[in-house]
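For the record, the sequence lines run as chains A and B. Numbered per the working numbering, the first sequence spans residues 38 to 210. Numbered per the working numbering, the second sequence spans residues 38 to 210. Report on the following structure.
There are 2 protein chains.
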Amino acid sequence: MRRALAAEGYAAVTIEGLAQEAEVAKQTIYRWWPSKAAILGEALLEGEIPGMDVSVAITDDLEADLRAWLTTMYAHQADAASTELARALIVVTATDADLGLRLNARLAAPIREWVGHRLALAEEAGQLRPGVDAAVVADQLVALASYAALLGTPVSAERVEATVQMLLHGIAA
Amino acid sequence: MRRALAAEGYAAVTIEGLAQEAEVAKQTIYRWWPSKAAILGEALLEGEIPGMDVSVAITDDLEADLRAWLTTMYAHQADAASTELARALIVVTATDADLGLRLNARLAAPIREWVGHRLALAEEAGQLRPGVDAAVVADQLVALASYAALLGTPVSAERVEATVQMLLHGIAA
Numbered sequence: 038m039r040r041a042l043a044a045e046g047y048a049a050v051t052i053e054g055l056a057q058e059a060e061v062a063k064q065t066i067y068r069w070w071p072s073k074a075a076i077l078g079e080a081l082l083e084g085e086i087p088g089m090d091v092s093v094a095i096t097d098d099l100e101a102d103l104r105a106w107l108t109t110m111y112a113h114q115a116d117a118a119s120t121e122l123a124r125a126l127i128v129v130t131a132t133d134a135d136l137g138l139r140l141n142a143r144l145a146a147p148i149r150e151w152v153g154h155r156l157a158l159a160e161e162a163g164q165l166r167p168g169v170d171a172a173v174v175a176d177q178l179v180a181l182a183s184y185a186a187l188l189g190t191p192v193s194a195e196r197v198e199a200t201v202q203m204l205l206h207g208i209a210a
Numbered sequence: 038m039r040r041a042l043a044a045e046g047y048a049a050v051t052i053e054g055l056a057q058e059a060e061v062a063k064q065t066i067y068r069w070w071p072s073k074a075a076i077l078g079e080a081l082l083e084g085e086i087p088g089m090d091v092s093v094a095i096t097d098d099l100e101a102d103l104r105a106w107l108t109t110m111y112a113h114q115a116d117a118a119s120t121e122l123a124r125a126l127i128v129v130t131a132t133d134a135d136l137g138l139r140l141n142a143r144l145a146a147p148i149r150e151w152v153g154h155r156l157a158l159a160e161e162a163g164q165l166r167p168g169v170d171a172a173v174v175a176d177q178l179v180a181l182a183s184y185a186a187l188l189g190t191p192v193s194a195e196r197v198e199a200t201v202q203m204l205l206h207g208i209a210a
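Take a look at the structure:
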């Protein structure tokens, strides 16, 4: 299912095709899943379709780590197969709210963990503005990743840099 | 089409239903549009389906204006009909990349304009960090709006406040 989604995209994957690939009748699939969104959503949830994880080493440089995270995430989105998977995920989420929340919880979890670790280090080093909530920062990164996947347009190094500076220093003088 | 989308959501709207409503044969619809995403996308583009615009008055208080924008946007997303429209928009964008880019350009335009005006005022008043790019700030807001529409979960006043503070002051000490 991962191969079909990555190669053809969500719109081109059909229940017929999935039934053929699994060598079962179409009705068998409909007995267990009410829709294409549901069957693909379950597959994404069960980890048959990995590869959305952005894993970046944590160093002692907060700015460099944020830059590395965004750069890696945007490079990942620029890969055609990843884009199709991410877009399929977005279609499932927009189509089935309950599945969407479970998928989001699963996919956002490693980002939340990474941000949590990174900001705890920064706080220990006295580099964090008091009151900064790691969950808010993580959601900002997830929102950027989701929007990049949705649009599928490349993001320049200059744009990454401007985003890093905005995350670090905000817009106020 | 707006009524059907808002009331039933993207998944429940069918080409059959649209043909019936327009009193034409299904084939007539397929002659002009290759898919449901395409027909709904065109309707969204042609403005048959408005109501996604967040219009907030600009005052002389940058922080209050950002808070008002986010509060209005999240309140808008909490409305069930708006959520269905926004989700339909996301499905169309994730399904048809070209339509998606045109829809995004159209829907992001008023946000970019608002942010452009607001930040120009802040810059005149010496309230802006040098080098802040209004386009980056606008895209951050669009990403937050898109992610909120995708998830459809309510956002608390505390979360709005934390987001305003992060946008204004960043995370660095």
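By construction, the Cβ of each residue, glycine as well, lies at the ideal position given by its N, Cα and C atoms. Predicted model only: the values in this text are computed from it and were never measured.
Not a single C-beta of chain B is nearer than 9 Å to the C-beta of A:R68. Proximity of chain B to A:D116 at the Cβ level (cut-off 7 Å) is not reached, the minimal Cβ distance being about 15 Å. In terms of Cβ geometry, B:L82 and B:R139 form a close pair [threshold 9 Å]. Contact check between the stretch 185 to 196 of chain B and the stretch 120 to 134 of chain B: three or more CB pairs, one atom from each, fall below 8 Å, which counts as touching.
Neighbours of A:T130 across chain B, judged by C-beta separation under 7 Å: L187. In the three-state scheme derived from DSSP, where H, G and I count as helix and E and B as strand, A:A175 is classed as helix.
Contact between the stretch 159 to 167 of chain A and the stretch 159 to 177 of chain B is not established, with fewer than three Cβ pairs separated by less than 8 Å. For B:I127 against A:A131, the beta-carbon gap comes to about 4 Å, under 8 Å, which counts as contact. Taking the beta carbon of A:S193 as reference, no residue of chain B falls within 9 Å; the closest one sits roughly 11 Å away.
Per DSSP, the unbroken alpha helix (DSSP H) holding B:V152 starts and ends at 134 to 161.
Restricted to the stretch 86 to 125 of chain A, the alpha helix (DSSP H) segments that are unbroken, complete and at least 4 residues in length are 99 to 115, listed in chain order.
For A:A209, the three-state secondary structure derived from DSSP is strand.
Residue pairing from DSSP places A:L165 in a beta bridge opposite B:A209. Put simply, the CB of B:P147 is far from chain A, with every gap to its CB atoms at 9 Å or more.
Inter-segment contact for the stretch 62 to 70 of chain A and the stretch 101 to 117 of chain A is absent: fewer than three beta-carbon pairs are separated by less than 8 Å.
Closest in C-alpha terms to B:E79, from the list B:N141, B:R155, B:E100, comes B:N141. Judged by DSSP in its simplified three-state form, A:E195 adopts helix. Taking C-beta atoms under 8 Å as the contact rule, A:A48 and B:A74 qualify, at a distance of about 7 Å. Across the stretch 90 to 104 of chain A, no CB contact with chain B closer than 7 Å is found for any residue.
Taking C-beta atoms as the reference points, A:A180 and A:T108 fail to come closer than 9 Å. The residue among B:E58, B:H154, B:S72, B:A134 with its C-alpha nearest the C-alpha of B:D98 is B:H154.
For B:T200, the nearest CB of chain A lies under 9 Å from its own CB, placing it at the interface with that chain. Counting along the chain, the unbroken alpha helix (DSSP H) around B:T65 starts and ends at 63 to 69. According to the DSSP assignment, B:A75 belongs to the alpha helix (DSSP H) that extends over 73 to 82. With contacts defined by Cβ atoms closer than 9 Å, B:L204 and A:I208 form a contacting pair.
Taking 8 Å as the upper bound on Cβ-Cβ separation, chain B lies near residues G163, Q164, L165, R166, P167, G168, V169, D170, V173 of the stretch 161 to 173 of chain A. Taking a contact as a CB-CB distance under 8 Å, the pair A:A134 and A:A175 does not count as one, their CB atoms being some 21 Å apart. Here B:G54 carries a helix assignment [DSSP, helix/strand/coil]. In this structure, A:D102 keeps its C-beta atom at 9 Å or more from the C-beta atom of A:V91. Not a single C-beta of chain B is nearer than 9 Å to the C-beta of A:G78. Residues M110, Y111, Q114, V192 of the same chain have their beta carbon placed closer than 8 Å to that of A:A185, with the five preceding and five following residues left out of the count. For A:T108, no Cβ of chain B is located within less than 9 Å of the residue's own Cβ. In the same chain as B:Q177, and ignoring 5 residues on each side of it, no C-beta atom comes closer than 6 Å to its own.
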